[in-house]
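Visitor: One structure follows; several queries about it will come next.
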């Protein structure tokens with residue numbers, strides 16, 4: 002803080018006084034290290050039937066786990082709401 006002053010002349014229908022302050026801040030720029038590298042996927046490997054099936058199973062398992070978490074949250078929210086009532 003560089004300077005702080007009170008202004009008593011302003012009437013705001015209160016017993017408080019207006020306070021004016023000057024601040025000096027030093028902000029740092031967040032430098033990034035160039036462009037972020039693009040993540041490339043090898044889609045040519047999906048032409049192989051075995052790898053395609055492995056990918057489908059892995060993807061299905063990931064989304065199934067997320068759906069289970071979502072269902073658990075819904076039930077707990079319903080239980081919480083019933084507890085509030």
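In my numbering, the protein residues as written are 2 to 86.
Where a beta carbon is used, it is the ideal one built from N, C-alpha and C, also for glycine.
Does the contact criterion of 3 or more C-beta pairs under 8 angstroms hold for the stretch 19–29 versus the stretch 42–54?
Guide: Fewer than three Cβ pairs drawn from the stretch 19–29 and the stretch 42–54 lie within less than 8 angstroms of each other, which leaves the two stretches out of contact.
Visitor: Measure the alpha-carbon distance for residue 9 versus residue 17 and round it to whole angstroms.
Guide: 9 angstroms
Visitor: Measure the C-alpha to C-alpha separation of residue 50 and residue 56 and round it to an integer number of angstroms.
Guide: The alpha-carbon atoms of residue 50 and residue 56 are separated by roughly 10 angstroms.
Visitor: With DSSP as the reference, label residue 6 as helix, strand or coil.
Guide: strand
Visitor: Under three-state DSSP, which class holds residue 62?
Guide: helix
Visitor: Put residue 23 into one of helix, strand or coil per three-state DSSP.
Guide: Reduced to three states, the DSSP call for residue 23 is strand.
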